[in-house]
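Numbering (this note's numbering), first residue to last: 35 to 370.
Even glycine gets a Cβ: it sits at the ideal position worked out from N, Cα and C.
Written out below as structure tokens is the structure these notes cover.
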């Protein structure tokens, strides 16, 4: 099994006895980031790597062969985002507010400190911005499908040429903004507070796709976080995507909080890792609600191999500090 250690900037191989061996180490973990892990042919693995240079960030798909040799196999995901902005026609934030309520929300945007990435807080209706951040990928027949968390899209990378194209844009899903949502949002606004008038309004979080897998039916299955609200509330949604047309359909949208990984079983069951829900859950074919399979501390991803579920856990570590992550296993039977 291949595991990406994002905080350590490393790709690690874990055997069936749980013993680890370093497969690849980013030269300067502080100078960029690493995410995702996918197995390829002839013992190769693939991951996503981001570096920050004088002209800004760059992000590529990286291939590491069985001898540990690194090769860049894609064009720059950031360059594709700047040129294409896949979700530029989508709308997020509060929608349908009258002028008075919209002005009150604008005042909050202007008074709040910058967001976690240093950019402005966006609350009023806004289009998809130019932002790239590949989170996970899967590889099949010369193509890498990338879950572009910040791009809100699934990207296809031709591993022969490195060319990037937009396979599908993941749609936003509106929710009715509640008092609980407002209390959570206020805690992120650095002292600014949303007005009472937003309670009951329509709010569309960015979908934030976090994983993509290929089912036995040849279609793609995508997990989503549903923005910051999805970290605190069960808003995560799983989508099914046609790789030919890009048509996207929500197939499960209940019982999942902060989903960051998924796997598809041979019988069609979908397993999801709820990083912010502290559990691994399953979705049976035709069902829209996830059921708890087992509890796990901040699981980042989940895989299924020969009837055994493997999950990476402990993302936040004890007391919120990373460093004690683990891989856990669970014997799986469909229908449990």
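Contacting residues, own chain, Cβ-Cβ under 7 Å from residue i (five flanking each side not counted)
i, result
"residue 253", "274, 275, 276 and 277"
"residue 200", "118, 120, 187 and 189"
"residue 98", "45, 57, 58, 78, 79 and 104"
"residue 102", "57 and 58"
"residue 297", "247, 305, 336, 337 and 338"
Cα-Cα separation between residue i and residue j, rounded to whole angstroms
i, j, result
"residue 365", "residue 326", "14 Å"
"residue 107", "residue 123", "29 Å"
"residue 157", "residue 220", "12 Å"
"residue 362", "residue 346", "7 Å"
"residue 359", "residue 210", "36 Å"
"residue 233", "residue 145", "20 Å"
"residue 328", "residue 339", "17 Å"
"residue 128", "residue 118", "25 Å"
"residue 130", "residue 235", "8 Å"
"residue 69", "residue 42", "11 Å"
"residue 76", "residue 152", "41 Å"
"residue 149", "residue 222", "8 Å"
"residue 287", "residue 300", "21 Å"
"residue 212", "residue 322", "23 Å"
"residue 238", "residue 337", "30 Å"
"residue 231", "residue 206", "22 Å"
"residue 82", "residue 139", "36 Å"
"residue 261", "residue 191", "25 Å"
"residue 343", "residue 52", "14 Å"
"residue 163", "residue 50", "43 Å"
Opening and closing residue of the beta strand (DSSP E) in which residue i lies
i, result
"residue 327", "325-329"
"residue 302", "From DSSP, residue 302 is part of no beta strand (DSSP E); its letter is neither H nor E."
"residue 284", "282-286"
"residue 97", "90-98"
"residue 338", "335-339"
Proximity below 8 Å, CB of residue i to CB of residue j
i, j, result
"residue 240", "residue 169", "no"
"residue 147", "residue 224", "yes"
"residue 318", "residue 290", "no"
"residue 40", "residue 173", "no"
"residue 121", "residue 181", "no"
"residue 243", "residue 258", "yes"
"residue 36", "residue 79", "yes"
"residue 280", "residue 202", "yes"
"residue 292", "residue 270", "yes"
"residue 194", "residue 176", "yes"
"residue 310", "residue 263", "no"
"residue 115", "residue 159", "no"
"residue 248", "residue 272", "no"
Cβ of residue i within 8 Å of any chain D Cβ
i, result
"residue 41", "Structure shown: chain D not included; a single protein chain is present."
Chain-order list of residues whose beta-carbon lies under 6 Å from that of residue i (same chain, five-residue window excluded)
i, result
"residue 59", "44"
"residue 109", "196 and 198"
"residue 335", "295, 307 and 346"
"residue 54", "46 and 48"
"residue 112", "91, 92, 93 and 166"
"residue 246", "172, 179, 181, 188, 254 and 256"
"residue 265", "292 and 310"
"residue 226", "142, 145 and 146"
"residue 61", "none"
"residue 208", "236 and 238"
Terminal residues of the alpha helix (DSSP H) in which residue i lies
i, result
"residue 104", "Not the alpha helix (DSSP H): residue 104 falls in the beta strand (DSSP E), residues 104-106."
"residue 140", "133-145"
"residue 41", "Where residue 41 is concerned, there is no enclosing alpha helix (DSSP H), given that its DSSP letter is neither H nor E."
Own chain partners of residue i with C-beta closer than 8 Å, once the 5 adjacent residues on each side are dropped
i, result
"residue 214", "267"
Notebook entry, point to check: Do the stretch 127-139 and the stretch 87-98 make contact, defined as three or more Cβ pairs closer than 8 Å?
Noted result: no
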